[in-house]
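K.L.:
Start counting the sequence shown at 3; every next residue gets the next number (the working numbering).
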Amino acid sequence: MVIMIGSKRLHALDVIRGFMIFYVIFLHAIIQRVFASQGSEFEKVVNEIPLILAILAFPIILLSIWGPVFTFISGASTGYNLGSSVFENPESLNESLKKRVANSLMLLVISKISLFFFSGRTLDHPYVTHSLFSGSLETGNLSIPEFLHLFTCNTLESMALSGLLLSLFFYIMWKNQKAKPKQTAKTLIILAIAVFLITSYLRGMVSDSEVMMIKESLWSDRSYLKYYLFLTIYGSRFAMFPVFAFALIGAAFGVLIAGKVPFKEIFRWVIISGTGFIMVFAISFIYGFDMIGTFANELVLLQMQCLNIGLMIYLLGICYYFFDVRASKKKKKIKKKERRFLKFIRKYSDLSLTIYILEPLIAQSWYLLFVFLHNGPFSTNFPLIILYVSTVLLSWFLIIQIWKKFNNRFSFEWLMGKGRNIILKFLNGYWLKRFTFREIEPKSYLKLQLWVARGS
């Protein structure tokens, strides 16, 4: 969840990510703690909610399935950082790609650390699995994570894998030809549409009732690779297909911004692509798509994902205008009005990775204390729910303030930086061994010959 590696900071990405991680704290405290204590009570509430209330609460409910927004932001960050480097200096492609690959590999490691120690319970598998720390608090017993739990699809893994795939695509697109922002963005959007179409085709091959049967069969046969590949499509709302499409779309707009394409032109791209995805949802809704029932499902249907990605495109365009384009034009006026807001939201953005990983542990700890004081679950006690959620939010506000005093040392962002540097050293060593004889030596030898010739 890191925005930049050597490029100008995009406030738009800070604002979106900071707000969404704040909302994750709020949402998970309610759904995964308060209502989870009563079995499927949240699903019952969603399915039985009156239509008028559903319409009024639609924005809040919709954000509950916006998990891929972090992959979208990560894709935009990748496109922006790579584009900024390569458009300035085309020869920096390999060096920039190494940084992105190292970043993605370290994030993949951290995703497994998160799953093992901190993640909440998961329903992706044939039976419920738990992590070590959060799982022990959830079950009341020492929870040793099973090997199966490490196969769980999550946001961090989708971001890491998307980063690796995007690096590969950028290398293929830019290695033999000049990087062009519009052409690259167009290619990435076409690839995103292809991901949606492929996902639609593959999901149509297996009915919902067969999904769990196939999971059980693959796991019992110890076909771990097949099981993992199956989860990339049928795992959860964070499955790589179609979540990878969010990274592709984000990268497309990151490249356009890095290429200094005029905002009017970028917003034209926003309107065309964003409206296009929303129209797919609108047409399916007209033809009877059950929108409300979708929120209770673990696997988000493609129609809703089209709506999500369309709205995210508009959100990025609007935030980019207000916090980057407009701010640069009217620097003094904007700075006074928005400095405090940006400072507040950036604190959450800067620690978004740490918050995302530790949030289940903090929320569960407070939940157990409230259950103890209340002598039982409190899913029907509205004032107590408000107090509990406020306590969790306040806790994170204080944690962020304290961590900031120590420059975020020993946070997962800090660990990301340390791990990325180690991986970069390895990659640099590999690159030297791989290319020294073929690329460096001939050039050095040619210079030596020229020097000898001049001297003679």
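The beta-carbon is built from N, C-alpha and C at its ideal position, and this holds for glycine as well.
1) Are there 16 or more other CB atoms within 10 angstroms of the CB of residue 30, so buried, or fewer, so exposed?
2) How many angstroms separate the CA atom of residue 172 from the CA atom of residue 428?
3) According to DSSP, is residue 131 helix, strand or coil?
4) Alpha helix (DSSP H) containing residue 225: first to last residue?
5) Using three-state DSSP, classify residue 277 as helix, strand or coil.
6) Between which two residues does the alpha helix (DSSP H) carrying residue 175 extend?
7) Name, in chain order, the residues that DSSP records as bridge partners for residue 124.
8) Using a Cβ-Cβ cut-off of 7 Å (strictly less than) and excluding sequence neighbours within five positions of residue 245, which residues of its own chain qualify?
9) What is the residue span of the alpha helix (DSSP H) that residue 201 lies within?
10) Please specify which runs of the alpha helix (DSSP H), each continuous and at least 4 residues long, are wholly inside the region 90-124, giving them in chain order.
11) On a CA-only basis, which of 127, 197, 198 is nearest residue 148? Give me that one, please.
12) Quick one: Cα of residue 198 to Cα of residue 239, how far?
13) Please work out which residues of its chain come closer than 7 Å, Cβ to Cβ, to residue 460, disregarding the five sequence neighbours upstream and downstream, and give them in chain order.
14) Consult DSSP for residue 353 and reduce its assignment to one of helix, strand or coil.
15) Could you spell out where the alpha helix (DSSP H) holding residue 259 opens and where it closes?
16) Need the endpoints of the alpha helix (DSSP H) that residue 388 sits in, please.
17) Excluding sequence positions up to five away, which residues of its chain have a Cβ less than 8 Å from the Cβ of residue 41?
18) For residue 88, I'd like the list of residues in its chain whose CB is within less than 7 Å of its CB, leaving aside the five on either flank, ordered along the chain.
19) For the alpha helix (DSSP H) that contains residue 305, what are its first and last residues?
20) In whole angstroms, what is the alpha-carbon distance linking residue 81 and residue 254?
21) Quick one, are the C-beta atoms of residue 202 and residue 304 less than 7 Å apart?
22) Three Cβ pairs or more, each shorter than 8 Å: is that satisfied between the region 119-134 and the region 185-197?
23) Measuring CB to CB, does residue 279 end up less than 7 Å from residue 311?
24) With DSSP as the reference, label residue 21 as helix, strand or coil.
25) Near residue 395, which residues of its chain fall below 7 Å by C-beta distance, leaving aside the five closest residues on each side in sequence?
26) According to DSSP, is residue 463 helix, strand or coil?
27) So, under 8 Å CB-CB, residue 23 and residue 354 are touching, yes? Tell me the CB distance rounded to an integer number of Å.
P.N.:
With the structure as the only source:
1) buried
2) 21 Å
3) strand
4) No alpha helix (DSSP H) contains residue 225, which DSSP labels as neither H nor E.
5) helix
6) 157-176
7) 131
8) 70, 73, 160
9) 183-206
10) 95-119
11) 127
12) 14 Å
13) Outside the shown range of the chain (3 to 458) lies residue 460, about which nothing can therefore be said.
14) coil
15) 242-260
16) 384-407
17) Its pLDDT being 49, under 50, residue 41 is placed unreliably by the model, and nothing is read from it.
18) 94, 95, 98, 176, 181
19) 304-322
20) 7 Å
21) yes
22) no
23) yes
24) helix
25) 27, 28
26) With the chain running from 3 to 458 in the structure shown, residue 463 is simply not present.
27) 4 Å
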